[in-house]
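Student: Start counting at 1 in the sequence shown, then tack on 63, and there's your number in our numbering. The beta carbon of each residue, even a glycine, is placed where N, CA and C say it ideally should be. Before we start, here is the structure in question, set down as C-alpha cells.
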Amino acid sequence: MKNNLLRMGYVMVSRALLQEICEKKGAACCEEEAFLRVLTNVNFKPAVVFCNGAGVQCARGESVITFMGWADIFGWTRARTRRFFDRCFAAGLIERVPGCCPSH
C-alpha cells in the first residue's frame, strides 16, 4: 500500500459495520483489506489489557494481538501475516511500540 493514499482525506464509517462486513467476507483478499481490518481491531480508546497475567496499558490505536491472532483475523497464514506487517512497518504505515508485552 502506498503511503500517499493516506493523504487524501478521511471517511467516517462505523467500526461495527466494517467488522460485520469482514466477518461475512471471510479471508482478506488483499493488503488494503487487511489494513482496514487492522484499523477495526486496534483499540479505539485506551485500555488495560492483560498479557501473561500482568496489566499493560494499551493506548488508542495500539494492540497486543499476536501475529497468529492477526492471521486468524485476516484468514491468512502466519507467514503471510508477518510479511504484511513487515511491509507496513517498512513503509511507515504502522509502528511497533516497545514494551514489556511480547505479543509478537
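(1) Looking at the structure shown, is residue 132 part of a helix, part of a strand, or coil, going by DSSP?
(2) Do you know offhand how far residue 95's Cα is from residue 115's?
(3) What residue does the alpha helix (DSSP H) around residue 113 start on, and which one ends it?
(4) Please name the residue, chosen from 131, 109, 76 and 136, that lies closest to residue 122 on a Cα-to-Cα basis.
(5) Given a cut-off of 9 Å on the beta-carbon distance, is the pair residue 99 and residue 81 in contact?
Tutor: This is what the structure gives:
(1) helix
(2) Straight across, the Cα-Cα distance linking residue 95 with residue 115 is about 31 Å.
(3) Element bounds for residue 113: not the alpha helix (DSSP H) but the beta strand (DSSP E), 110 to 114.
(4) 109
(5) yes
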